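Input: a single structure, listed below in structure tokens.
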Amino acid sequence: MKLYNSLTRRKEIFIPRFGNQVSMYTCGPTVYHFAHIGNLRSYIMEDVLEKALRYEGYDVKRVMNITDVGHLSSDADEGEDKMLKGARREHKTVLEIAKYYTDAFFADCGKLNIKTPDVVEPATNCIDDYIEMVSTLLEKGYAYPAGGNIYFDTSKLDKYYVFNDFAEDDLAVGVRDDVEEDNNKRNKADFVLWFTKSKFEDQALKWDSPWGVGYPGWHIECSCISKKHLGEYLDLHCGGIDNMFPHHTNEIAQSESYLGHEWCHYWFHVHHLNTNDGKMSKSKGEFLTVSLLEEKGYDPLVYRLFCLQSHYRKGLVFTWENLDNAAATYNKLLSRIAGLNPDTGATPNLEAAKAYQAKFQKALDNDLNTSMAITSIYDVLKGKDLDDATKLFLLEDFDRVLSLNLVQAAAKVRAAGKTAAASGSDEYAIHAPADADPVLAEEVNALLLLRYEARKNKNWAESDRIRDELKARGIELKDSKNGVNWTKT
Ligand SMILES: [Zn+2]
8 MKLYNSLTRR KEIFIPRFGN QVSMYTCGPT VYHFAHIGNL RSYIMEDVLE KALRYEGYDV
68 KRVMNITDVG HLSSDADEGE DKMLKGARRE HKTVLEIAKY YTDAFFADCG KLNIKTPDVV
128 EPATNCIDDY IEMVSTLLEK GYAYPAGGNI YFDTSKLDKY YVFNDFAEDD LAVGVRDDVE
188 EDNNKRNKAD FVLWFTKSKF EDQALKWDSP WGVGYPGWHI ECSCISKKHL GEYLDLHCGG
248 IDNMFPHHTN EIAQSESYLG HEWCHYWFHV HHLNTNDGKM SKSKGEFLTV SLLEEKGYDP
308 LVYRLFCLQS HYRKGLVFTW ENLDNAAATY NKLLSRIAGL NPDTGATPNL EAAKAYQAKF
368 QKALDNDLNT SMAITSIYDV LKGKDLDDAT KLFLLEDFDR VLSLNLVQAA AKVRAAGKTA
428 AASGSDEYAI HAPADADPVL AEEVNALLLL RYEARKNKNW AESDRIRDEL KARGIELKDS
488 KNGVNWTKT
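Take a look at the structure:
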């Protein structure tokens with residue numbers, strides 16, 4: 008697999024250090040608020056990367072931290088403590104906030120079919136590890152105490168700005184004007200490894216350390232949690248591009264100074280999701296979360312498809328119109344897959360499948376070209392040399408990486424169609440407008456069958472979601488004794 012490596016600024020063939028074992032680390036969320044869909048774009052693309060590696064036969068061990076302490080609002084060491092801010096906002100303790108938003112994060116991940124990493128480690132679990140690493144950095148002369156805190160001395164490194172040729176002025180990035188500078192730092196780029204003195208008198212979580220009662224800096228978390236679970240060498244480190252500096256730069260500084268050798272060779276960074284207002288988290292004042300997508304009637308997997316349709320190294324513009332287009336694509340695929348017959352009794356033709364699998368893998372191998380990988384779905388649906396059993400086999404095979412659940416959703420459509428037919432009543436006869444476009448009619452049909460099934464199971468939320476999704480596409484429904492009529496507005 009060829010991947011773009013942010014460290015070397017070119018595409019490289021990915022070769023793990025130990026045979027087919029891949030150690031993979033992902034910076035997890037700071038659990039003080041709901042994740043917005045821009046953050047989740049990174050987790051979706053990292054999930055695809057992990058699954059692509061597994062698809063290609065690698066044995067992946069993936070670790071993620073949960074930041075529940077020490078992350079200040081500027082990403083550098085200034086600003087407010089994010090966890091304290093969340094706790095104050097909601098009149099809860101820091102631990103309650105951490106628990107609540109950790110659960111919310113994984114619930115969102117579940118809806119987006121993001122696999123939970125093999126190891127998930129809250130930062131507050133690893134205090135002894137931070138103390139050990141900070142002590143060693145002090146012994147080796149890479150750190151110094153000042154004003155009660157322990158700082159990393161960036162002047163001790165030959166090259167600190169590993170990802171880019173940042174000028175010193177770039178350090179101002181992410182630092183707000185109203186944030187005062189820390190005069191304890193010997194060099195502007197130095198950062199805190201351990202806080203004892205801080206302006207946060209009400210810091211809830213504090214631990215004993217050789218330097219006094221305090222708490223760890225944000226960056227040290229990832230260096231220690233990675234080492235704890237993945238050892239001295241890491242194959243692949245992922246994160247959003249906004250983590251590249253200062254967070255990942257600082258992780259490398261700490262880890263390599265501590266270890267005395269290169270730590271991680273491949274760095275995978277996912278670019279921003281932007282809205283038309285240029286912001287990543289909000290659109291017209293609405294905070295963009297998975298729950299908001301659901302409230303507006305979108306299946307979260309439509310958002311996953313939206314992300315997969317573009318390359319992870321390109322900025323992606325989020326608009327509701329763009330999401331509608333992704334929903335239309337999703338439903339088109341769904342209705343076409345529902346038209347395949349799973350009960351032919353034929354076994355898949357694995358020989359014929361090979362060429363399709365090879366093309367799919369080639370797309371992934373080309374720096375995770377997910378939009379090209381999605382065209383493989385169309386190739387399969389059009390494949391003249393493939394019977395339905397082989398088509399379904401291939402679609403399931405690709406879904407090990409893409410995780411769009413198209414085959415399962417299509418099976419539900421078929422089952423609902425059968426139930427509707429067997430009911431012998433008009434209860435769910437679908438009446439389309441006479442001049443309806445046949446392709447559109449087929450998509451709407453598939454969705455209405457899913458809605459029928461949902462209503463039968465008294466799953467009103469799902470039934471409403473489908474109605475809203477159709478409404479978002481200009482389709483109005485009218486239920487009656489004789490079934491459902493739909494019109495296009
Ligand atoms: Zn990190």
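Be aware that the sequence shown starts at 8, since it is given in this note's numbering, and climbs by one per residue.
A virtual CB, placed ideally from N, CA and C, is assigned to each residue, including glycine.
From a predicted model like this one, the values you see are computed outputs, not experimental measurements.
Gln28 sits in a strand when the DSSP states are folded into three classes. Here the segment 132 to 142 makes contact with the segment 220 to 228; the two share three or more CB pairs at distances below 8 Å. Burial check for Glu57: the Cβ neighbour count within 10 Å reaches 16 or more, so the residue is buried. In the DSSP assignment, Ala360 falls within the unbroken alpha helix (DSSP H) covering Leu357 to Asp372. Annotated as distal: Leu401 and Leu341, with beta-carbon spacing of 8 Å or more. With respect to the C-alpha of Pro23, the residue from Glu63, Ile51 and Asn46 having the closest C-alpha is Glu63. Straight-line measurement puts the Cα of Phe367 at about 8 Å from the Cα of Met379. One Cα belongs to Met251, the other to Phe170, and the distance between them is close to 7 Å.
Rounded to whole angstroms, the Cβ separation of Phe198 and Tyr151 is 12 Å, and the two are not in contact under 8 Å. Glu53 has its CB no nearer than 7 Å to any heavy atom of ligand 1. In the same chain as Leu393, and ignoring 5 residues on each side of it, the C-beta atoms closer than 8 Å to its own belong to Asn356, Ala359, Ala360, Tyr363, Val387 and Leu401, in chain order. Within the DSSP secondary-structure output, Val126 pairs in a beta bridge with Val70. Counted as a single uninterrupted DSSP element, the stretch harbouring His226 is not any beta strand (DSSP E) but the alpha helix (DSSP H) occupying residues Trp225 to Leu237. Residue range Trp467 to Ala479 is occupied by the alpha helix (DSSP H) that includes Glu469. DSSP, read as helix, strand or coil, puts Lys485 in strand. One alpha carbon belongs to Gly219, the other to Asn376, and they sit about 50 Å apart. Annotation for Tyr319: no alpha helix (DSSP H) segment contains it, and DSSP assigns it neither H nor E. One Cα belongs to Asn329, the other to Phe313, and the distance between them is close to 8 Å. If you ignore the 5 residues before and after Glu434, its C-beta comes within less than 7 Å of the C-beta of Gly490, all in its own chain and listed in chain order. Leaving aside the five residues that flank Gly247 on each side, the residues in its chain whose CB is nearer than 6 Å to its CB run, in chain order, Ser49 and Val277.
The residue among Asp406, Thr33 and Thr354 with its C-alpha nearest the C-alpha of Ser230 is Thr33.
A direct Cα-to-Cα measurement between Asp444 and Ala334 gives close to 17 Å.
Assigned with DSSP and collapsed to three states, Ala441 falls in coil, not helix or strand. Just so you know, the alpha carbons of Tyr305 and Lys213 end up roughly 42 Å apart.
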